[in-house]
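For the sequence shown, the working numbering gives the first residue as -5, with consecutive numbering after it. Below: one structure, written as structure tokens.
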Amino acid sequence: MQMTQSKPQPRAPVWMTWVKENLFSSAFNTVLTVGSSALVLWVLYNLGTWAFTQARWAVIPINFRLLMVGPFPAEQLWRVWTVLGIVSLTAGLHWGSASRGLRIVAWPFVTAAVIAVFTFVTQMGFPSSLLVPRRCWRCSLGSSSDAPLSRAAS
């Protein structure tokens, strides 16, 4: 008897196997995959249409400072950038130490950053002072004349 060698069956690429097993494994998964894909494509199409034909992007560079820090006083912007730098540094240190499994190392840095941020913020008087400039405190907190009127006895 003579043996013939048969060619091995071609194997499907790994990504096709994953797609078949995870996205099209049942009728429900197929309907869910097709429906979700249609919804995502519809949202992307409408978002792209708006972004390229209807959006008015000229207002972004004109109001860039207002969009980034709001009505914060220009002479106090160093506080915003200091806090942003501290938060970025702390996040980077934490991410770097957590990815290496050194979670204990980040705690002194996190504590120091929180104390520094608290110190900078409370120097202005209130913890929310980064959001509300000092000149607006009276209008944002209200005055004594804004108290609700008591109801007259009937």
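Note that beta-carbon positions come from the ideal geometry of N, C-alpha and C, so glycine has one too.
With a threshold of 16 other beta carbon atoms within 10 Å, A92 falls short and is exposed. The C-alpha of V74 is placed about 10 Å away from the C-alpha of A68.
By the 16-neighbour rule on beta-carbons within 10 angstroms, A6 is exposed.
Contact annotation: F103 and T84 have beta-carbon atoms nearer than 8 Å. A52 carries a coil assignment under DSSP once its states are collapsed to helix, strand and coil. Here DSSP, grouped into helix, strand and coil, assigns N16 to helix. In this structure, F18 and T11 do not form a Cβ contact; the two beta carbons are roughly 11 Å apart against a cut-off of 8 Å.
Just measuring C-alpha positions, the residue of V63, G42, V77 and L87 sitting nearest T113 is V77. Collapsing the DSSP output to three states places F66 in coil. Counted as a single uninterrupted DSSP element, the alpha helix (DSSP H) harbouring F22 occupies residues A21 to T43.
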